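Going by the working numbering, the sequence shown wraps up at 568, each residue one higher than the last. Each residue gets a CB set at the ideal place from its N, CA and C atoms; glycine is no exception. Values in this document were obtained by computation on a predicted structure and should not be read as measured data. What follows is a set of notes on a single structure, which appears directly below.
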Amino acid sequence: MLTRLYIDNFRCLVNFELRPARKQLILGRNGSGKTSFLDALLFLRQFAVEGRSFEHFLILSQRTRWLDRPEQTFEIEAELSGGSYAYRLVIEPFGDPPRPRVQSETVHFDGKPIFEFKTGEVHLYNDQFEHKVAYDFDPNRSALATIMQRRDNQTLSRFKQWLGTLYCFRINPFGMAARADGENLFPNVDLSNFASWYRHLIQADPRQNADMLDSLRESLDGFSFLQLEPAGENVRLLAAEFAQEDGRISKFSFNELSDGQRCLICLYTILHFVLAKGSTVILDEPDNFLSLREIQPWLMAVADSVEDGHGQIIVISHHPEFINQWAPKSGVQFARDGLGPVRVEQFRGDPDSCLSASELVARGWERE
């Protein structure tokens with residue numbers, strides 16, 4: 201699981217450090233850095249796992265405005281079976297006009313180097329921490345993203361596989377379509393490619409699909425089935441079936457469903473295909489478009505899954521139900537003084553107050 205995140209010189213995140221629990225709620229007023237936190241993690245995944253080059257990111261323009269510091273630093277630490285990993289990426293500008301390049305990119309396991317990329321040169325180590333290979337590489341990209349699994353680099357491969365299962369979501373039903381032209385291994389942050397991602401998931405693990413459909417039948421009124429129907433060569437259309445009171449079945453294209461129905465299907469997909477497999481999930485406002493009656497069963501199922509040791513979930517939310525259930529024991533607050541850097545504070549609340557945690561937040565008393 202993710203145990204530490206450090207970010208420096210990225211938007212309002214300066215010497216920022218978060219040590220998340222297995223179940224974590226992040227609170228904070230507008231402009232407190234919650235979105236920047238998620239975007240930083242999303243950048244690291246796309247850069248170091250998916251292999252996107254700096255051309256896909258306006259990373260230098262996202263340096264902290266009030267700092268006169270050229271380098272940007274990102275660090276991730278994780279506890280996996282067998283030990284502790286630490287990933288560090290430092291980005292620097294070069295040339296005129298300035299362009300970003302990797303100053304250094306490293307991975308350590310229990311304090312020992314297993315991967316190093318510095319000043320354009322990669323150094324690889326085997327599972328016995330012996331230096332084996334050195335070669336030049338393009339500093340416009342992550343060298344880690346290009347490393348393939350071999351028999352002598354299982355320690356490094358384990359970390360890269362985990363980093364690939366660190367998912368960031370900001371669900372937006374408006375961008376979702378029913379058409380799946382193929383299988384997408386990686387979901388978009390807004391799940392606009394949900395149909396193609398779901399097509400990949402059910403091929404990879406049909407057992408989890410059965411569990412997910414059972415959960416949806418309990419939570420979504422009248423829901424019966426979700427399927428991908430042929431619509432041309434290698435093209436599928438995602439459709440949902442609903443049973444009427446007289447027993448008749450009505451079928452709807454995925455984009456014909458309500459915003460809330462699409463969001464709920466996405467959330468249960470994340471629960472059964474991602475969290476259940478031990479992944480780390482960061483969700484930004486998952487309660488949007490959903491009523492209390494709809495979010496409550498999912499919230500309880502997520503808590504049960506995490507408490508049973510399945511995965512890690514970090515939720516950014518203002519929803520009263522999230523705040524009341526998670527804030528007292530699992531809540532942290534992002535706070536800023538004016539336009540200064542973000543600080544992480546434990547949610548304090550008031551155990552002697554007759555007000556709920558959400559009522560304290562609504563009144564602005566949670567930090568007093």
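Look at the beta carbons and you see the stretch 226-245 not touching the stretch 295-312: under three pairs across the two are nearer than 8 Å. Within the model, the alpha-carbon separation for residue 331 versus residue 247 is close to 25 Å. For residue 408, the uninterrupted alpha helix (DSSP H) segment begins and ends at 406-419. Residue range 492-507 is occupied by the alpha helix (DSSP H) that includes residue 507.
A distance below 8 Å between beta-carbons, with the five flanking residues on each side excluded, links residue 392 to the following residues of its chain, in chain order: 372, 375, 376 and 377.
Annotated three-state conformation of residue 531 is strand, per DSSP. Beta-bridge pairing by DSSP links residue 332 to no other residue. In this chain, the alpha helix (DSSP H) harbouring residue 460 covers 459-473.
At the C-beta level, residue 482 and residue 238 come within 8 Å of one another.
Residue 512 is positioned such that its CB atom lies closer than 8 Å to that of residue 222. Judged by their CB atoms, residue 436 and residue 428 are nearer to each other than the 8 Å cut-off. Taking all protein chains in view, the Cβ of residue 355 is crowded by 16 or more other Cβ atoms within 10 Å, so the residue is classified as buried. Here the stretch 403-414 does not lie against the stretch 271-278, with fewer than 3 beta-carbon pairs under 8 Å apart. Inclusion of residue 385 and residue 360 in the CB contact set at 8 Å is not warranted, their separation being larger than that value. In the pairwise beta carbon analysis, the stretch 210-224 is classified as not touching the stretch 445-460: fewer than three pairs are separated by under 8 Å. Note on residue 333: under 16 other CB atoms within 10 angstroms of its CB, so exposed under the neighbour-count rule. CA-to-CA, the gap between residue 323 and residue 420 works out to about 52 Å. Within its own chain, the residues whose Cβ lies closer than 7 Å to the Cβ of residue 389, once the five positions on either side in sequence are excluded, are 242, 368, 369 and 370, listed in chain order.
Assignment of beta strand (DSSP E) within the stretch 288-354, counting only whole runs of 3 or more residues, yields 299-309, 312-318, 321-325 and 331-336 in chain order. In the three-state reduction of the DSSP assignment, residue 561 falls in the helix class. As the crow flies, the alpha-carbon of residue 350 is around 11 Å from that of residue 358. Following the DSSP letters along the chain, one finds residue 246 in no beta strand (DSSP E) but inside the alpha helix (DSSP H) bounded by residues 234-248.
A direct Cα-to-Cα measurement between residue 363 and residue 289 gives close to 14 Å. Distance between residue 346 and residue 401, taken at the CA atoms: about 24 Å. Nearest neighbour of residue 201 by Cα position, chosen from 282, 317, 315 and 518, turns out to be 282.
Here residue 285 is bridged, per DSSP, to 278 and 309.
Excluding the 5 residues flanking it on each side, residue 264 has same chain C-beta neighbours closer than 8 Å at 209, 210, 211, 212, 213, 214 and 541, in chain order. Contact between residue 259 and residue 291 is confirmed by a C-beta separation of about 6 Å, below the 8 Å threshold. Annotated as proximal: residue 502 and residue 475, with beta-carbon spacing under 8 Å. Taking C-beta separations shorter than 6 Å and ignoring five residues to either side along the sequence, the partners of residue 204 in its chain run 219 and 277, following chain order.
The C-alpha of residue 464 is placed about 14 Å away from the C-alpha of residue 422. Rounded to the nearest angstrom, the gap between the Cα atoms of residue 416 and residue 342 is 39 Å. Its chain contains 440 and 465 as the residues whose beta carbon lies nearer than 8 Å to that of residue 457, once the 5 sequence neighbours on both sides are disregarded; these appear in chain order.
In this structure, residue 549 sits away from residue 562, with a CB-CB distance that is not shorter than 8 Å. Per DSSP, the continuous beta strand (DSSP E) segment holding residue 480 begins and ends at 480-484.
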